[in-house]
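Novice: One structure, as structure tokens, below. Some questions next.
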């Protein structure tokens with residue numbers, strides 16, 4: 622059977638003395654102070670979450686409102702192109718908007734990545750790729 626080690630604390634005047642910065646609370650002050658300290662950040666997090674929820678519901682009504690481009694960094698006719706066309710078909714059914722597959726092969730994908738980097742970040746130009754050293758996933 623394993624024995625637990627006990628730490629002996631010096632006792633003066635009948636009260637145990639603890640290392641500097643620690644104390645023994647018999648009234649629950651530590652818990653109240655801890656909760657009070659976390660109450661303010663919790664309010665901010667709640668307000669931030671509500672703000673995101675409201676803005677997401679407002680934005681969800683209008684997207685997508687035009688054609689979505691799915692950029693593939695590989696040549697047409699390959700396995701990636703076939704998979705991209707299957708994904709585009711499913712997206713088109715789910716979003717009720719046309720999805721155009723655009724093959725931009727060359728330079729080991731750099732041409733497609735540059736095109737995506739220069740596109741506006743509005744969610745209408747998507748990149749289909751795999752994780753390799755060019756993307757630094």
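Numbering (my numbering), first residue to last: 622 to 758. Positions of the beta carbon are idealized from the N, C-alpha and C atoms, including for glycine.
Kindly list the residues whose CB is nearer than 7 angstroms to the CB of residue 748, restricted to its own chain and excluding five residues on each side of it in sequence; keep chain order.
Specialist: 692, 733 and 737
Novice: When the distance is taken between beta carbons, is residue 728 closer than 8 angstroms to residue 695?
Specialist: no
Novice: Candidates 716, 709 and 717: which alpha carbon is nearest residue 724's?
Specialist: 709
Novice: Starting from the Cα of residue 715, find the closest Cα among 689, 675 and 702 and give me that residue.
Specialist: 689
Novice: Can you give me the start and stop residues for the beta strand (DSSP E) that residue 692 sits inside?
Specialist: 689–693
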